[in-house]
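Heads up, the sequence shown is in my numbering, so the first residue is 2 and it goes up one at a time.
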Amino acid sequence: SNIVDLRIIPGQIASYVPLPDDCHPVLKRALQNLKFDQLYTHQLECRNHIREGRNVIITTPTSSGKSLSFNFAIVEQLLLDPNASALY
């Protein structure tokens, strides 16, 4: 009786993009060494929004790359500025 609406959203095929050209070289090498040659599109979008100073919320299923979405931008910033910090 407390449920007001129920929606079933069908799954989608994942879409990918190559690692960005402007990725910090140290991070790019590390990702490539871990066999990451591409990102999910939402991971790159998240990274770009964070770089632009926007707040980001991601709601995707389990094992869809949410952690890398945020950590990508944070590690890049730490490589550029060792005094930077992040709050999780």
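Glycine is no exception: its CB is placed at the ideal position from the N, C-alpha and C atoms.
It should be emphasised that the depicted structure is a prediction, and the values quoted were computed from it without experimental measurement.
DSSP on V76, reduced to helix/strand/coil?
One-based indexing of the sequence shown puts residue 76 at position 75. Judged by DSSP in its simplified three-state form, V76 adopts helix.
Could you give the DSSP three-state label for L88: helix, strand or coil?
Within the sequence shown, numbered from 1, the residue matching residue 88 stands at position 87. Looking at L88 - three-state DSSP - the assignment turns out to be coil, as it is neither helix nor strand.
In angstroms, rounded to a whole number, what distance separates the CA positions of L28 and I10?
Position 27 of the sequence shown, counted from the start, is the residue given in the question as residue 28. Position 9 of the sequence shown, counted from the start, is the residue given in the question as residue 10. For L28 and I10, the distance between alpha carbons rounds to 34 Å.
With respect to the alpha helix (DSSP H) encompassing L40, which residues constitute its N-terminal and C-terminal limits?
On the sequence shown, position 39 is the one that residue 40 refers to. First-last for L40: Q39 to Y41, but that is the beta strand (DSSP E), not the alpha helix (DSSP H).
Does DSSP classify V57 as helix, strand or coil?
Indexing the sequence shown from 1 puts residue 57 at position 56. Assigned with DSSP and collapsed to three states, V57 falls in coil, not helix or strand.
Does the pairing of the region 56-63 with the region 32-40 give three or more beta-carbon distances under 8 Å?
Touching, no.
Keeping to the same chain, check which residues put their C-beta closer than 8 Å to that of A74; ignore five residues upstream and five downstream.
The residue you call residue 74 lines up with position 73 of the sequence shown. Around A74: C47, R48, I51 and R52.
Quick one: Cα of Y17 to Cα of L69, how far?
Residue mapping note: residue 17 aligns to position 16 of the sequence shown, counting from 1. Residue mapping note: residue 69 aligns to position 68 of the sequence shown, counting from 1. Going from the Cα of Y17 to the Cα of L69 covers about 14 Å.
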